[in-house]
Amino acid sequence: MSHLGKEREISYTNPSLIVKVREKLIKFLSSVPDFSTEACNVVLGSTALGEVDSSPTWVPRRVAVVDGGSNIVSLNAGYLGIVTSLGLVIEGNRVIERVIAEPEIIPPTPQELGDYETSDQIVSVIDKVREAKVFETATELLSRNPDLLIIDGPLIPYGALGKLIVGSETELKALQRYRRAVLTLHEVSLGSKVSVVGFVKRPRSRYLRKILNIKSSFDHVTLSSILKEKEFYPNPPLEVPAVTEWFHEISILKLIREVKPKFTFIRLTVSMPPFRVDFGHLTRNYMDILNYLYSTRTREGIPYVIMKADEEVKITRKLLRELYEDALHSCIVKYLKQGFNTLIPVLPEFGGV
Numbered sequence: 201m202s203h204l205g206k207e208r209e210i211s212y213t214n215p216s217l218i219v220k221v222r223e224k225l226i227k228f229l230s231s232v233p234d235f236s237t238e239a240c241n242v243v244l245g246s247t248a249l250g251e252v253d254s255s256p257t258w259v260p261r262r263v264a265v266v267d268g269g270s271n272i273v274s275l276n277a278g279y280l281g282i283v284t285s286l287g288l289v290i291e292g293n294r295v296i297e298r299v300i301a302e303p304e305i306i307p308p309t310p311q312e313l314g315d316y317e318t319s320d321q322i323v324s325v326i327d328k329v330r331e332a333k334v335f336e337t338a339t340e341l342l343s344r345n346p347d348l349l350i351i352d353g354p355l356i357p358y359g360a361l362g363k364l365i366v367g368s369e370t371e372l373k374a375l376q377r378y379r380r381a382v383l384t385l386h387e388v389s390l391g392s393k394v395s396v397v398g399f400v401k402r403p404r405s406r407y408l409r410k411i412l413n414i415k416s417s418f419d420h421v422t423l424s425s426i427l428k429e430k431e432f433y434p435n436p437p438l439e440v441p442a443v444t445e446w447f448h449e450i451s452i453l454k455l456i457r458e459v460k461p462k463f464t465f466i467r468l469t470v471s472m473p474p475f476r477v478d479f480g481h482l483t484r485n486y487m488d489i490l491n492y493l494y495s496t497r498t499r500e501g502i503p504y505v506i507m508k509a510d511e512e513v514k515i516t517r518k519l520l521r522e523l524y525e526d527a528l529h530s531c532i533v534k535y536l537k538q539g540f541n542t543l544i545p546v547l548p549e550f551g552g553v
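Everything in the sequence shown is counted per our numbering, starting at 201 for the first residue and increasing by one.
Written out as structure tokens, the structure reads:
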């Protein structure tokens, strides 16, 4: 007889259900390519494509790059979020300085843990705080006098950040903080000799769909059928229209009107769809910056400096679980004498962590 503690947990999914799900997926995925190619001719006829130079004439002496990270733990007491940001100052291939922002816990007090009933609600706060920290760290990096400042993520504010899901004081403050951080970076950069760009690895924008009035998927999916390696579109980069048809959230619309960001999509490798590059204040021609990004691409197509920041700031579920278990051990040592029920709030929710 096997011991209960040594029995393997066996999950069983009905075979008929598996077959039905498989058939649905095959049917749906088979129709996606046809849908995506409808817009290609419209894009090709709208403007000329740009192409970067394999041998850039300008290489920045010093580059600063900033990225943010976040994740969630699901406790019996509620959802707990961790938010971080990190900046690197790089000369050549060498990191000469790291700027590590103070990590933050969302919600900021234990009393607010019960304010968020679903993960979507707390994610709304976490996203705003993370992006705010990224822009705050980016502003700090301007004082290191880089030639180029790269934000790993969008420089263009996106509408979802302007939505208030819960309407709590913490969420409202997070939105105000994000807006202030974006404006501060923009204002400080105007008085500097630093070019500021955003590099979006996973764009979910539909700007071309709106500009060209086409039925298409996301911009990078449509452009995957058009752009070859080294090519970019639009050429030159296009200023984002600050109109209500594009940005329904008034707080985000105001940001767009003040910052006036531009964008283009560039294909750095054939194995990946195009990435979006957002342009803020520039002291160099946009071609210089695109040439540099292409010349420093890694095998995955991501420029080296961006890959480096992404690796150092990432808060994976595995890492967060290990950090949580370590912290939980301290709680157990401190409170176990008061009884097991005292620990229930900080224990993981069933299926969580």
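Beta carbons are placed, not taken as given, at the ideal position from N, Cα and C, and that holds for glycine. Just so you know, these numbers come straight off a predicted model, no measurement behind them.
Report yes if the CB atom of residue i is closer than 9 Å to the CB atom of residue j, and no otherwise.
i    : j    : result
G353 : G398 : yes
K328 : L361 : yes
R467 : S424 : yes
P385 : T318 : The sequence shown places Leu at residue 385, rather than the Pro named in the question. Cβ distance not < 9 Å, so L385 and T318 don't count as in contact.
L455 : V382 : yes
V265 : V533 : no
V283 : P310 : no
T370 : I306 : yes
N276 : P548 : yes
By how many angstroms is the C-alpha of residue j removed from the C-alpha of residue i?
i    : j    : result
P437 : V259 : 20 Å
K224 : P215 : 14 Å
G292 : S471 : 26 Å
D488 : I350 : 14 Å
L249 : K410 : 19 Å
S231 : P474 : 21 Å
Y358 : V440 : 11 Å
V219 : E525 : 39 Å
L493 : E297 : 21 Å
R406 : F418 : 5 Å
E522 : V221 : 34 Å
Give me the residue from the options with the minimum Cα distance to residue i.
i    : options                   : result
R484 : V366, Y212, K393 and K514 : K393
N491 : Y212, D253, P474 and D526 : D253
T469 : L536, K410 and E429       : E429
E331 : R499, I426, R379 and R298 : R379
D320 : E297, V366 and N276       : V366
L372 : S324, T444 and N435       : S324
I290 : I305, E500, R261 and V283 : R261
E445 : L543, N413, P548 and R294 : N413
K508 : E431, Y486 and T498       : T498
E251 : I426, L408, V400 and T516 : I426
Here's a check: name, in chain order, each residue in its chain whose Cβ is nearer than 7 Å to the Cβ of residue i, leaving out the five neighbours to either side.
i    : result
G278 : L313, G314 and Y316
Can you name, in chain order, every residue of its own chain whose Cβ lies under 6 Å from the Cβ of residue i, other than the five neighbours on each side?
i    : result
S285 : G268, A301, K333, V334 and T337
C531 : V546
R457 : A442
Got a sec? Which residues, its chain only, sit under 8 Å from residue i by beta carbon, not counting five neighbours each side?
i    : result
L375 : K328, L361, G362, L364 and S451
Evaluate contact between the segment 268 to 285 and the segment 339 to 348, counting only Cβ atoms and requiring at least three cross-stretch pairs below 8 Å.
-> no
Given 8 Å, three or more beta-carbon pairs between the segment 445 to 464 and the segment 472 to 483 | yes
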